[in-house]
Amino acid sequence: MIIDGVKISETKMERLKNEIEKIKNTGINPKMKIILIGNDYGSIVYSKAKMRRGSKLGIDVDLDRYDSISREDLIKLLKRYSKSDDIHGIMIETPVPGINYYDVVNEIPFYKDVDGMTSYNLGNLYLKNEFIAPATARAVVDILDYINIKSGNVAIINRSPVVGRPLSMMLLNRDFTVTVCHSKTVNIKEITRSSDIVVVAVGKPNFLDRSYVSDKNIIIDVGINYLNGKTCGDADYENIKDYVNAITPVPGGVGPVTATDIFENFINGLKYQIKG
Numbered sequence: 001m002i003i004d005g006v007k008i009s010e011t012k013m014e015r016l017k018n019e020i021e022k023i024k025n026t027g028i029n030p031k032m033k034i035i036l037i038g039n040d041y042g043s044i045v046y047s048k049a050k051m052r053r054g055s056k057l058g059i060d061v062d063l064d065r066y067d068s069i070s071r072e073d074l075i076k077l078l079k080r081y082s083k084s085d086d087i088h089g090i091m092i093e094t095p096v097p098g099i100n101y102y103d104v105v106n107e108i109p110f111y112k113d114v115d116g117m118t119s120y121n122l123g124n125l126y127l128k129n130e131f132i133a134p135a136t137a138r139a140v141v142d143i144l145d146y147i148n149i150k151s152g153n154v155a156i157i158n159r160s161p162v163v164g165r166p167l168s169m170m171l172l173n174r175d176f177t178v179t180v181c182h183s184k185t186v187n188i189k190e191i192t193r194s195s196d197i198v199v200v201a202v203g204k205p206n207f208l209d210r211s212y213v214s215d216k217n218i219i220i221d222v223g224i225n226y227l228n229g230k231t232c233g234d235a236d237y238e239n240i241k242d243y244v245n246a247i248t249p250v251p252g253g254v255g256p257v258t259a260t261d262i263f264e265n266f267i268n269g270l271k272y273q274i275k276g
């Protein structure tokens with residue numbers, strides 16, 4: 001089975017659009033700021049995609065682009081946007097050249113943190129509070145919900161604060177059994193083949209080949225790579241898609257759901273701000 005992330009995203013977009021319409025009917029103009037520093041191709045593409053998606057939802061998404069910026073000036077910018085009643089969500093595109101992202105993201109109030117990457121929002125995952133959660137991790141959970149997978153053994157090949165760590169907490173919160181694998185894990189293939197679900201996010205094209213999988217696996221491919229002029233994931237898609245139980249393609253899998261989940265975070269934070 002090929003899992004259609006575009007369809008999942010479109011279903012959620014309709015619900016979010018209705019929520020935004022209700023909010024706008026109260027006289028509020030929802031606005032989000034994206035801060036992009038440098039000229040990373042992927043960041044530019046993602047920023048424009050978020051602007052298009054925000055426009056479809058009726059959200060004003062404003063992009064601030066800088067060739068470079070000092071840590072001090074970035075913090076000043078974040079504090080100004082954080083205090084503004086007219087800006088309801090803030091996102092810093094990564095990478096941030098010359099600046100430690102995790103050193104500045106906590107300048108964003110938790111309710112304006114559309115990426116879900118402040119210490120407050122990440123910490124809340126441990127308490128089963130997913131008010132605002134990292135969008136990629138939320139997208140994986142959404143995909144499993146959509147195909148009605150409520151339990152099982154999950155192997156996550158990633159331990160980053162963006163994917164592996166928050167996703168492991170969100171899955172544990174739902175009673176999945178989780179194994180987090182990384183570069184020092186010695187028996188990854190044994191773990192993945194015996195798992196019901198494999199989430200891969202290593203940034204290596206075709207990494208997850210036939211030797212890593214079994215016919216019972218559901219493969220959630222979070223990777224985004226560029227190979228021979230084409231976008232591809234971390235799974236060897238063409239050679240395993242007809243063998244495994246189910247798989248998300250790249251593009252068209254996790255990506256569209258992640259982009260939509262950023263706006264679910266935005267709406268959750270906006271509702272919090274409205275309540276005061």
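Taking UniProt numbering, the leading residue of the sequence shown gets 1, the next gets one more, and so forth. We put the beta carbon where it would ideally sit given N, CA and C, even for glycine. Note that this is a predicted model, so its numbers are computed, not measured.
Proximity of the region 132–146 to the region 165–180 meets the contact definition, three or more beta-carbon pairs being nearer than 8 angstroms.
Per DSSP, the unbroken beta strand (DSSP E) holding R65 starts and ends at D60 to Y66.
Annotation for D261: A135, R138, A139 and D142 place their beta carbon closer than 7 angstroms to its own, counting only its chain and skipping 5 residues before and after. In the displayed model, N29 falls within coil according to three-state DSSP, outside both helix and strand. The residues T94, in chain order, have a CB closer than 6 angstroms to that of Y101 in the same chain once the five nearest residues on each side in sequence are set aside. Counting the other Cβ atoms within 10 Å of the Cβ of G276 gives fewer than 16, which makes it exposed. Judged by their CB atoms, I108 and I35 are not nearer to each other than the 8 angstroms cut-off. The residue from S183, G252, V178 and K204 with its alpha-carbon nearest to that of S194 is V178. For I20, same chain residues with a beta-carbon under 8 angstroms away, outside a window of 5 residues either side, are P30, L57, G58, I59 and I267 in chain order.
H182 is classed as exposed because its beta carbon has fewer than 16 other beta carbons within 10 Å across all chains shown.
If you draw a straight line from the Cα of N121 to the Cα of R71, it comes to about 22 angstroms. The Cβ atoms of G269 and G89 sit closer than 8 angstroms to each other. A direct Cα-Cα distance of roughly 12 angstroms separates G5 from M13.
Taking the Cβ atoms as the reference, D196 lies roughly 24 angstroms from I224, outside the contact range of under 8 angstroms.
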